[in-house]
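See below for the structure under consideration.
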Amino acid sequence: MNLHSGIQKIKKAFQVSADVPMKQYTRFKVGGPADLLAVPENRQELLAILTAAKDTSVPVTIVGGGSNLLVSDQGIRGLVIVTTHLASGIRSEKGPDETILVCADAGERLSAVCRYTKNCGLTGLEFCAGIPGTIGGAVMMNAGTASQGICNKIQYLDILDLDTLAVKTIKKQNLIFTYRRLELDNHLILGTSLALKAGDPKTVQQRFAANMKRKQTTQPMHLPSAGCFFKNPDQKYSAGKLIQDAGLKGACCGDARVSEIHANYIVNCGNATCEEILALKKRIQKAVFDRYGIMLETEVKMTGNGGKTDE
Ligand SMILES: Cc1cc2nc3c(=O)[nH]c(=O)nc-3n(C[C@H](O)[C@H](O)[C@H](O)COP(=O)(O)OP(=O)(O)OC[C@H]3O[C@@H](n4cnc5c(N)ncnc54)[C@H](O)[C@@H]3O)c2cc1C
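Here it is in structure tokens:
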């Protein structure tokens, strides 16, 4: 079946929106239209629409909170699944080695999971203070700080194979995490389980507050962006410092600008396009390469028509 016929079939059978501007679903506020967009309310709805997409060969793109995404101005062909309503509450249970497992569906906000642990006096997630997006996206991106990632807290994941649509549980020892990445292509994370420890509630709250304050004073949290744009090349060099020393703070391409507060943030100062952001990205890469011989790789995920940023 061709793409157009597949799209028409899904449109007739499901509650989906057509030609949805992806700038409404990304923190960057950038991106052209998705052919179809669905926000399933539960796993049954999710499975039904994914089965239809599989039967009609309509390509599927997964979006969580859209806080690490740069979507092309041409948009996304096929079906976009937004996971944010796959959130049936956060719960905890006793885990191994005196841990407490905090379990949440993938669409739960990371901030809600952090709030839950703070309210329960559980320690281990304080480094996630202020990171936007869903818990599923955080696991997929191995979100964290320069010194730690969420991978260290994972106990197991419930995942859905997007080829076979089989659901399975996979334990931490069978997951491969690298810098800002879980090696798990063509799967959708359905549920997460994090192993945390009981802590002193006051200390936990203070750590969350301190980390949040640091983030708010050192990063441009008030402007649309996708967080740090480039990966740090290694422990010795931070991408932000290299960009700053290359004299690029405040550099612009249209409405895309290198933040004055943190040089590894490209911010959208108005109506930036993906093309402008990619032009600025190239300019940064060239300047840093010419000066230091280091080619910066993107941390932000590019999706939609127009290729991948990490190539
Ligand atoms: C202001 C700001 C500050 C930030 N600070 C930090 C920080 O301190 N540390 C940090 O690590 N990041 C940071 N980020 C980046 C971003 O918040 C994280 O990467 C976040 O964890 C992404 O989650 P998300 O739900 O928004 O994922 P999305 O941006 O929606 O998706 C990211 C990737 O994960 C995939 N994905 C999402 N959900 C699922 C799922 N359920 N199953 C399978 N694949 C999925 C998507 O297909 C995509 O490839 C920041 C971003 C902003 C805008």
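The numbering of the sequence shown is this note's numbering, which starts it at 81 and goes up by one. Ideal Cβ placement from N, Cα and C applies to all residues, glycine included. Source: prediction; values computed, not measured.
{"Query": "Residue burial classification, K381 (beta-carbon count within 10 angstroms, cutoff 16)", "Result": "buried"}
{"Query": "P281 - containing alpha helix (DSSP H), residue span", "Result": "281 to 298"}
{"Query": "Neighbourhood of Y196 by C-beta, 7 angstroms cutoff - its chain only, sequence neighbours within 5 removed", "Result": "I170, V182"}
{"Query": "Assumed close pair M292, G210 - CB separation to whole angstroms, cut-off 8 angstroms", "Result": "5 angstroms"}
{"Query": "CB contact flag (L274, L240, <8 angstroms)", "Result": "no"}
{"Query": "As assigned by DSSP and simplified to three states, the class of F108", "Result": "coil"}
{"Query": "Any non-hydrogen atom of ligand 1 within 7 angstroms of V140 CB", "Result": "no"}
{"Query": "Whole-number beta carbon distance between L360 and A336, since they are thought to touch under 8 angstroms", "Result": "5 angstroms"}
{"Query": "Rounded straight-line distance, which links the Cα of D314 to that of T383", "Result": "25 angstroms"}
{"Query": "Touch test, the region 351 to 358 against the region 186 to 200, Cβ-Cβ under 8 angstroms, three pairs minimum", "Result": "no"}
{"Query": "C308 versus A331, I364, E379, K321, residue with shortest Cα-Cα distance", "Result": "E379"}
{"Query": "Cα-Cα separation between I180 and P281, rounded to whole angstroms", "Result": "15 angstroms"}
{"Query": "DSSP beta-bridge partners of L150", "Result": "M382"}
{"Query": "Whole-angstrom C-beta distance between N222 and A231, which should lie under 8 angstroms", "Result": "Per the sequence shown, the amino acid found at residue 231 is Cys instead of Ala. With 8 angstroms as the limit, C231 and N222 qualify as a contact, their Cβ atoms being about 5 angstroms apart."}
{"Query": "Ordered list of alpha helix (DSSP H) runs contained in the region 170 to 229, each at least 4 residues", "Result": "190 to 200, 215 to 220"}
{"Query": "Test item: CB-CB of A186 and L159 under 8 angstroms", "Result": "no"}
{"Query": "Cβ pair C354, V110 closer than 8 angstroms", "Result": "yes"}
{"Query": "Nearest-angstrom Cα separation, counted from G146 out to G155", "Result": "14 angstroms"}
{"Query": "heavy atom of ligand 2 below 7 angstroms from M375 C-beta", "Result": "Inclusion of ligand 2 in the displayed structure is not the case, the ligand content consisting of ligand 1 alone."}
{"Query": "Residues of its chain near I395, where Cβ-Cβ distance is below 7 angstroms and the 5 sequence neighbours each way are ignored", "Result": "Outside the displayed span of the chain (81 to 391) sits residue 395, for which this structure offers no information."}
{"Query": "Beta-carbon contacts of F369 that lie in its chain and below 7 angstroms, excluding the five residues immediately before and after", "Result": "M375"}
{"Query": "For I357, the three-state DSSP class (helix, strand or coil)", "Result": "helix"}
{"Query": "Separation of K311 from A114, as counted between CA atoms", "Result": "27 angstroms"}
{"Query": "Proximal residues to L126 (C-beta, below 6 angstroms), its chain only, five neighbours per side dropped", "Result": "P120"}
{"Query": "Q299 versus Q228 - alpha carbon distance", "Result": "18 angstroms"}
{"Query": "Anticipated Cβ contact below 8 angstroms, E178 with K277, distance rounded", "Result": "7 angstroms"}
{"Query": "Outcome for R260 when other beta-carbon atoms lying within 10 angstroms are tallied against a minimum of 16", "Result": "buried"}
{"Query": "Identity of the residues DSSP links to D335 by a beta bridge", "Result": "According to DSSP, D335 bridges with nothing at all."}
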